């Protein structure tokens with residue numbers, strides 16, 4: 089009986105469809121499969137005519153006939169197309185894997201359209217908005233949740249990979265986009281008394297100044313998003329003196345503002361701060377621009393200085409502390425050494 093159950097379980101796992109979350113992490117041979125190409129067809133159904141995708145879509149779910157018709161109808165609507173939460177550049181990564189397994193014209197056309205969306209969405213100042221066509225905070229230059237850095241990393245990797253479908257014009261446009269994107273990163277680095285520090289999660293699309301997004305996301309120093317920016321900068325080959333200065337300044341800021349002696353734990357389902365002198369350092373998601381003290385907010389938008397002071401829904405539903413600057417500090421000596429190799 090046990091052997092039979094194991095056999096049934098093994099068969100079910102082998103026949104199980106790959107989820108959208110796992111679809112970008114399969115072995116190269118899987119992208120040649122019928123399952124992969126069926127998923128690619130659905131991914132392209134979610135793409136809008138302007139080349140972008142909406143966010144938070146599980147594109148691996150089975151679709152009814154009516155659902156397919158609805159998606160086809162929505163394709164003409166540019167609303168909701170975004171780079172937030174990995175939208176657009178993540179589907180493109182998947183489709184490129186599909187194209188490499190079989191370079192069919194439909195997939196290639198979808199890739200070109202998506203690439204055009206990313207390139208045309210960039211502002212002349214080099215920044216990318218979270219959501220083109222937005223009249224709200226989505227129009228601002230968005231580092232939040234790795235949006236702009238996700239696009240730049242995708243474009244950089246695509247250029248280095250140099251797949252055959254890339255045209256000379258696209259290559260030139262990508263190179264230009266990366267140059268002015270880097271310039272935007274350096275210009276948006278917040279300066280205090282003339283010295284560079286780190287970045288806000290979003291910067292005004294015209295003035296480049298730190299700006300707020302949702303009610304609880306204030307203009308501030310952003311510990312989490314800045315780590316992603318520094319990681320991108322550290323991956324630049326033969327960095328300029330300006331890039332090196334930017335990295336060094338951010339690393340110094342991370343060191344000066346790390347929070348020691350606490351850890352975050354759940355107590356009766358509620359997120360609380362516990363003292364622990366052996367805990368590894370943490371950083372606040374947001375720091376006040378004037379005082380550099382960690383800040384927290386509920387949906388009322390009122391700044392507080394402890395997560396205990398905000399409502400449970402926001403306290404437990406948002407990442408108020410982050411640890412990703414830790415890996416930056418750990419890798420910094422190696423990066424310094426690489427400059428002299």
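In my numbering, the protein residues as written are 89 to 429. Glycine residues also receive a C-beta, built at the ideal position from the N, C-alpha and C atoms. Please read these numbers as outputs of a predicted model, since none were measured by experiment.
Coarse secondary structure for residue i, derived from DSSP in three states
i: residue 350; result: strand
i: residue 336; result: helix
i: residue 407; result: coil
i: residue 358; result: strand
i: residue 393; result: coil
i: residue 106; result: coil
i: residue 283; result: strand
i: residue 377; result: coil
i: residue 290; result: strand
i: residue 367; result: coil
i: residue 421; result: helix
i: residue 372; result: strand
i: residue 303; result: coil
i: residue 382; result: strand
i: residue 310; result: strand
i: residue 298; result: strand
i: residue 412; result: coil
i: residue 121; result: coil
i: residue 324; result: coil
i: residue 262; result: helix
i: residue 92; result: With a pLDDT of only 39 at residue 92, under the threshold of 50, the placement of this residue in the model should not be trusted; the figure read from the coordinates follows. Three-state result, residue 92: helix.
i: residue 427; result: helix
i: residue 388; result: coil
i: residue 330; result: helix
i: residue 399; result: coil
i: residue 278; result: coil
i: residue 115; result: coil
Exposed unless 16 or more other CB atoms sit within 10 angstroms - verdict on residue i
i: residue 320; result: buried
i: residue 255; result: exposed
i: residue 427; result: exposed
i: residue 167; result: exposed
i: residue 231; result: buried
i: residue 379; result: exposed
i: residue 160; result: exposed
i: residue 244; result: buried
i: residue 356; result: exposed
i: residue 393; result: exposed
i: residue 138; result: buried
i: residue 260; result: exposed
i: residue 194; result: exposed
i: residue 135; result: buried
i: residue 140; result: buried
i: residue 191; result: exposed
i: residue 267; result: exposed
i: residue 344; result: exposed
i: residue 107; result: exposed
i: residue 407; result: exposed
i: residue 111; result: buried
i: residue 153; result: exposed
i: residue 124; result: buried
i: residue 131; result: buried
i: residue 397; result: exposed
i: residue 143; result: buried
i: residue 318; result: buried
Integer Cβ distance of residue i from residue j, believed to fall under 8 Å
i: residue 375; j: residue 311; result: 7 Å
i: residue 127; j: residue 148; result: 6 Å
i: residue 204; j: residue 272; result: Contact flag wrong, Cβ pair sits at about 20 Å.
i: residue 247; j: residue 262; result: 5 Å
i: residue 269; j: residue 174; result: With a Cβ gap of about 18 Å, residue 269 and residue 174 do not count as contacting.
i: residue 347; j: residue 371; result: 6 Å
i: residue 410; j: residue 373; result: 6 Å
i: residue 334; j: residue 413; result: Their Cβ separation, rounded to whole angstroms, is 15 Å, which puts residue 334 and residue 413 out of contact at 8 Å.
i: residue 323; j: residue 265; result: 16 Å between Cβ atoms; not a contact.
Heavy atom of the ligand PLP within 8 Å of residue i beta-carbon
i: residue 107; result: Inclusion of the ligand PLP in the displayed structure is not the case, the ligand content being empty and no account of it being possible.
C-beta neighbour in chain C for residue i, strict 9 Å
i: residue 315; result: Although the question refers to chain C, the structure presented lacks it and comprises just one protein chain.
Within the region 137–203, ranges of the alpha helix (DSSP H) (whole runs, at least 4 residues): Counting whole runs of 4 or more residues, the region 137–203 contains the alpha helix (DSSP H) stretches 153–162 and 177–189.
query: Quick one: complete alpha helix (DSSP H) runs, 4+ long, within the region 195–260?
result: Within the region 195–260, the complete alpha helix (DSSP H) runs of at least 4 residues are 235–249.
field: the region 186–204 / the region 244–259 touching (three or more Cβ pairs under 8 Å)
entry: In this structure the region 186–204 lies against the region 244–259, because at least three pairs of beta carbons, one per stretch, are closer than 8 Å.
query: Is there contact between the region 415–424 and the region 384–393, where contact requires at least three CB pairs shorter than 8 Å?
result: No: the two stretches stay apart, fewer than three of their Cβ pairs being nearer than 8 Å.
message: Quick test of the definition: if touching needs 3 or more C-beta pairs under 8 Å, does the region 108–124 touch the region 180–190?
response: Contact holds: three or more Cβ-Cβ distances are below 8 Å.
field: Segment contact flag, the region 285–299 with the region 217–237, C-beta cutoff 8 Å, min 3 pairs
entry: As far as the Cβ criterion goes, the region 285–299 touches the region 217–237, which means the pair count is three or higher.
query: On the three-pair Cβ rule with 8 Å, is the region 302–311 touching the region 320–336?
result: No, the region 302–311 does not touch the region 320–336.
message: For the pair the region 329–346 and the region 394–403, tell me if three or more CB-CB distances fall below 8 Å.
response: Verdict: no, contact absent.
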